[in-house]
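As given, the protein sequences belong to chains A and B, one line each in that order.
Counting the first sequence from 1 gives a position; our numbering is that position plus 1165.
Counting the second sequence from 1 gives a position; our numbering is that position plus 1247.
Beta carbons are placed, not taken as given, at the ideal position from N, Cα and C, and that holds for glycine.
For clarity, every value in this text was computed on a predicted model and none was experimentally measured.
First the structure, in the form of structure tokens, and then the observations on it.
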Amino acid sequence: MGGFDLGAIVAVLPFLLKGLAYTVQLTLVAAIGGTLLGILLALARLSSIKPLSLLAAGYINSMRSIPLLLVIFWFYFLAPVMLQWLSGAEYPPKIGAERSAYFTFILFEAAYFAEIVRAGIQSIPKGQLGAAYALGLTYPQAMRLVILPQALRNMLPVLLTQTIVLFQDVSLVALLNVTDFVGAAMKIAQRDSRVVEMYTLVAVVYFVLSFALSQGVKRLHRRIAIVR
Amino acid sequence: MLGLGIFFEDTPDGDTTWGQSLLSGLEITLVLVLGAWLIAVALGSVLGVVRTTRSRLWVTLGNGYVELFRNIPLLVQFFLWYFVLPSVVPPVKRFANAVDPATFQLLTAVVCLGLFTAARIAEQVKSGILSLPRGQMMAGLALGLTPAQTYRYVLLPMAYRIIIPPLTSESMNLVKNSAVAYSIGLTELFFRTREMGEMTFRYFAAFGAATVLYVAVAFSINRIMAWVERATAVPGYLGGAK
Chain A
1166 MGGFDLGAIV AVLPFLLKGL AYTVQLTLVA AIGGTLLGIL LALARLSSIK
1216 PLSLLAAGYI NSMRSIPLLL VIFWFYFLAP VMLQWLSGAE YPPKIGAERS
1266 AYFTFILFEA AYFAEIVRAG IQSIPKGQLG AAYALGLTYP QAMRLVILPQ
1316 ALRNMLPVLL TQTIVLFQDV SLVALLNVTD FVGAAMKIAQ RDSRVVEMYT
1366 LVAVVYFVLS FALSQGVKRL HRRIAIVR
Chain B
1248 MLGLGIFFED TPDGDTTWGQ SLLSGLEITL VLVLGAWLIA VALGSVLGVV
1298 RTTRSRLWVT LGNGYVELFR NIPLLVQFFL WYFVLPSVVP PVKRFANAVD
1348 PATFQLLTAV VCLGLFTAAR IAEQVKSGIL SLPRGQMMAG LALGLTPAQT
1398 YRYVLLPMAY RIIIPPLTSE SMNLVKNSAV AYSIGLTELF FRTREMGEMT
1448 FRYFAAFGAA TVLYVAVAFS INRIMAWVER ATAVPGYLGG AK
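Next comes the structure, spelled out in structure tokens:
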């Protein structure tokens, strides 16, 4: 083992960067997909159609009450079965953990984003919707043109903070043997017995990125707060 | 049809059934959650208080702690405590070799989760104290209490009541986060669930049971905290007069 060996890091840097690229990609896809699905879920939850709102509430609450690790494994088993059911294939397709992770995080994050969006929509004064109706807009038009733009603007800092949480949560896919940033470090740590170097590096990189992003969100929050 | 019989079948060890195996995992999960919760609330309170004082040094240290523990993924923190710390600090290594591996895993997990959650609770305690009118502190000092006494008898009793709702959800998060301790090999509920899935190929039964158990624990905490909130409510305050 010996001391801290920087050379050990440099040699495996390309492999680690590939892992980091996967982590970033998964984070971005899940954040965008989760926000879109989350908006639909929030609208469903606020809907006056009782069964629809109960269904959305049930989905959101159950996703939020079980450990993410459990959700990751559930989707790892369920995604092939769901795809088989959707496509009517004879055998469940082999999709692998790398790809099932996209399903998992979009569907899981949607539940969290939905609650943020719901709070954003509920922060808009009721008169706005009344005014939109008075102008002759339909419900979808009122939502798309009047309510959601304001709600999303108010919610942007919280959505971004949740995305930083997501960026960190994505690391759990490493436990499914996926080569994300942490997964890549785990593999090198085991292969070369470089536990100290690998995990310290991962911690430092994650810290620097998350800290910088959260400082950026703080500044954005202040700017948005001034304009209002 | 449901195939619940699997929970009454023996594990390959022979001594226990799969149902008992999951329950033994649940027991460790509960010990872990309780231990980590105590550390988190104690340390989180100290950090939260320190961050509301006038001492630049303590505020900086408190903020630094919160930023450090919030910006590193929990999984990586587990690895740092379990793999890196013993390699870097020889006394920890000696301690790890001296005790039973399961004990070392449990202790590591309690410390790791406790310190991780403390950063979040520090945030809540701080905002609880800051949400009180400034006059409360002044009134305490005017009565001749020391700053420490003012915190103890005036500010904290109200601040804790105010933060019960976010503290409830953080406590439920703690239960969910405890599953990550599986990564260092602690035989808690998620570990036993995976083990059962892998050895019996009854993934749906195993993960279904674990889901029910985790939800039950989270729901129990929710009810306990709701009871605490009612029991400690101050009449005429914060929905206390119902």
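Looking at L1206(A) and Y1224(A), is the spacing between their C-beta atoms short of 9 Å?
-> The residue you call residue 1224(A) lines up with position 59 of the first sequence. The residue you call residue 1206(A) lines up with position 41 of the first sequence. In this structure, L1206(A) lies closer than 9 Å to Y1224(A) by Cβ.
Whole-number beta carbon distance between A1456(B) and F1254(B), since they are thought to touch under 8 Å = Working through the second sequence from its first residue, we reach residue 1254(B) at position 7. Working through the second sequence from its first residue, we reach residue 1456(B) at position 209. Sure, about 7 Å apart at Cβ, within 8 Å.
Reduced DSSP secondary structure (H/G/I, E/B, other) of D1257(B) | Walking along the second sequence from the start, residue 1257(B) turns up at place 10. Assignment of D1257(B) by DSSP, reduced to helix, strand and coil, places it in the strand class.
When you compare each of F1451(B), G1291(B), D1257(B) to N1310(B) by their alpha carbons, which one comes out closest?
-> Here residue 1310(B) is taken as the residue at index 63 of the second sequence, counted from 1. Nearest of F1451(B), G1291(B), D1257(B) to N1310(B), Cα basis: G1291(B).
DSSP on T1364(B), reduced to helix/strand/coil?
-> Numbered from its first residue, the second sequence carries residue 1364(B) at position 117. If DSSP states are grouped into helix, strand and coil, T1364(B) belongs with the helices.
For T1264(B), does the three-state DSSP call read helix, strand or coil?
-> As a working note, residue 1264(B) is residue 17 in the second sequence. Reduced to three states, the DSSP call for T1264(B) is strand.
Who are the Cβ neighbours of V1323(B) in its own chain at under 7 Å, not counting the five residues just before and after it?
-> The count along the second sequence starts at 1 and reaches residue 1323(B) at position 76. Nothing listed; no residue qualifies.
Three-state secondary structure assigned by DSSP to N1226(A) | Taking the first sequence and counting its residues from 1, one reaches residue 1226(A) at position 61. If DSSP states are grouped into helix, strand and coil, N1226(A) belongs with the helices.
Thinking C-alpha only, which one of V1369(A), A1354(A), Q1333(A), I1289(A) is nearest L1321(B)?
-> As a first step, residue 1321(B) must be located in the second sequence, where it is residue number 74. Taking only the C-alpha atoms, the option nearest L1321(B) is Q1333(A).
Among A1176(A), L1182(A), Y1241(A), which has the Cα closest to the Cα of R1441(B)?
-> Working through the second sequence from its first residue, we reach residue 1441(B) at position 194. Considering only alpha carbons, the answer is Y1241(A).
Using 10 angstroms around the beta-carbon of D1260(B), count the other beta-carbons present and answer buried if the total reaches 16, otherwise exposed.
-> By 1-based counting over the second sequence, the position of residue 1260(B) is 13. By the beta-carbon neighbour count (other beta carbons within 10 angstroms, threshold 16), D1260(B) is exposed.
Tell me which same chain residues have a C-beta within less than 8 Å of the C-beta of L1446(B), skipping the five on either side of it?
-> The residue labelled residue 1446(B) in the question sits at position 199 within the second sequence. Note that residue 1446(B) is Met in the sequence shown, not Leu. Same-chain partners within the cutoff: T1258, P1259.
Does K1340(B) get closer than 9 Å to chain A when you measure Cβ to Cβ?
-> Along the second sequence, one-based indexing puts residue 1340(B) at 93. Not one chain A Cβ lies under 9 Å of K1340(B).
T1192(A) lies in the alpha helix (DSSP H); which residues open and close that run?
-> Along the first sequence, one-based indexing puts residue 1192(A) at 27. Residues 1178-1210.
Using a C-beta cutoff of 9 Å, does Q1327(A) count as contacting chain B?
-> Sequence index remark: in the first sequence, residue 1327(A) carries index 162 (1-based). No, because no Cβ of chain B sits closer than 9 Å to the Cβ of Q1327(A).
Using 9 Å as the limit for Cβ to Cβ distance, is I1275(B) near chain A?
-> Position 28 of the second sequence, counted from the start, is the residue given in the question as residue 1275(B). With its beta carbon at least 9 Å from every one in chain A, I1275(B) lies outside the interface.
In whole angstroms, what separates the C-alpha of Q1355(A) from that of V1358(B)?
-> What you label residue 1355(A) is simply residue 190 of the first sequence in a count that begins at 1. What you label residue 1358(B) is simply residue 111 of the second sequence in a count that begins at 1. Going from the Cα of Q1355(A) to the Cα of V1358(B) covers about 24 Å.
From the beta carbon of L1322(B), is the nearest beta carbon of chain A less than 9 Å away?
-> The sequence position of residue 1322(B) within the second sequence is 75, counting from 1. Yes, contact with chain A.
Mind listing, in chain order, the continuous beta strand (DSSP E) runs of no fewer than 3 residues lying wholly within the stretch 1288-1358 of chain A?
-> Here no run is fully enclosed.
Buried or exposed: which applies to L1402(B), given that a residue is buried once 16 or more other Cβ atoms fall within 10 Å of its Cβ?
-> Sequence index remark: in the second sequence, residue 1402(B) carries index 155 (1-based). If you draw a 10 Å sphere on the C-beta of L1402(B), you find 16 or more other C-beta atoms in it, and that means buried.
What are the boundary residues of the alpha helix (DSSP H) that includes W1305(B)?
-> Residue 1305(B) sits at position 58 when you count from the first residue of the second sequence. Looking at the DSSP string, the run of the alpha helix (DSSP H) that includes W1305(B) is 1303-1317.
What are the boundary residues of the alpha helix (DSSP H) that P1380(B) is part of?
-> Reading the second sequence from its first residue, position 133 is the one you call residue 1380(B). Careful: P1380(B) lies outside any alpha helix (DSSP H) and carries neither H nor E.
Under 9 Å (Cβ pairs) to chain A, residues found in the stretch 1300-1332 of chain B | Near chain A, meaning a CB-to-CB distance below 9 Å, the residues of the stretch 1300-1332 of chain B are E1314, L1315, R1317, N1318, I1319, P1320, L1321, L1322, V1323, Q1324, F1326, L1327, F1330, V1331.
If you draw a straight line from the C-alpha of P1232(A) to the C-alpha of P1322(A), how long is it?
-> On the first sequence, residue 1232(A) is found 67 positions in, with the first residue counted as 1. On the first sequence, residue 1322(A) is found 157 positions in, with the first residue counted as 1. If you draw a straight line from the Cα of P1232(A) to the Cα of P1322(A), it is about 25 Å long.
Tell me, please, whether the CB atom of Q1333(A) is closer than 9 Å to any CB atom in chain D?
-> The chain inventory of the structure shown lacks chain D, comprising the protein chains A and B.
Is the shortest distance between the beta-carbon of W1239(A) and the beta-carbons of chain B less than 9 Å?
-> As a first step, residue 1239(A) must be located in the first sequence, where it is residue number 74. Judged by the 9 Å Cβ criterion, W1239(A) is in contact with chain B.
Straight-line CA distance for V1194(A) to S1336(A)?
-> As a working note, residue 1194(A) is residue 29 in the first sequence. As a working note, residue 1336(A) is residue 171 in the first sequence. The alpha-carbon atoms of V1194(A) and S1336(A) are separated by roughly 15 Å.
Using DSSP with H/G/I as helix, E/B as strand and the rest coil, what is P1413(B)?
-> In the second sequence, the residue the question calls residue 1413(B) occupies position 166. Correct three-state label for P1413(B): helix.
Determine the burial state of G1387(B): buried for a count of at least 16 other Cβ atoms within 10 Å of its Cβ, exposed for fewer.
-> For the purposes of this step, residue 1387(B) is taken as the residue at position 140 of the second sequence. Counting C-beta atoms within 10 angstroms of its own C-beta, G1387(B) has 16 or more neighbours from the protein chains shown and is therefore classed as buried.
Relative to the alpha-carbon of F1466(B), which residue among L1421(B), T1393(B), G1432(B) has its alpha-carbon at the smallest distance?
-> For the purposes of this step, residue 1466(B) is identified with residue 219 of the second sequence, where counting begins at 1. For F1466(B), the nearest C-alpha among the options comes from L1421(B).
Helix, strand or coil for R1298(B) per DSSP?
-> Mapped onto the second sequence, residue 1298(B) falls at position 51. Correct three-state label for R1298(B): coil.
Along the alpha helix (DSSP H) that carries W1474(B), what are the first and last residues, could you check?
-> Sequence index remark: in the second sequence, residue 1474(B) carries index 227 (1-based). Counting along the chain, the alpha helix (DSSP H) containing W1474(B) begins and ends at 1450-1479.
Starting from L1324(A), find everything on chain B with Cβ-Cβ shorter than 9 Å and list it in chain order.
-> Translated into the one-based positions of the first sequence, residue 1324(A) becomes position 159. Correct list: empty, because the minimum Cβ distance to chain B is about 17 Å.
What residues in its chain sit with their C-beta under 7 Å from that of T1299(B), if we drop five residues either side in the sequence?
-> By one-based count along the second sequence, residue 1299(B) stands at place 52. Excluding residues within five positions, the ones whose Cβ falls inside 7 Å are K1373, I1376, L1377.
Does V1462(B) get closer than 9 Å to chain A when you measure Cβ to Cβ?
-> Residue numbering aside, residue 1462(B) sits at position 215 when the second sequence is read from its first letter. So yes, V1462(B) belongs to the interface.
Alpha helix (DSSP H) segment containing F1342(B), residue limits = Your numbering for residue 1342(B) matches position 95 in the second sequence. Run containing F1342(B): 1337-1345, per the alpha helix (DSSP H) assignment.
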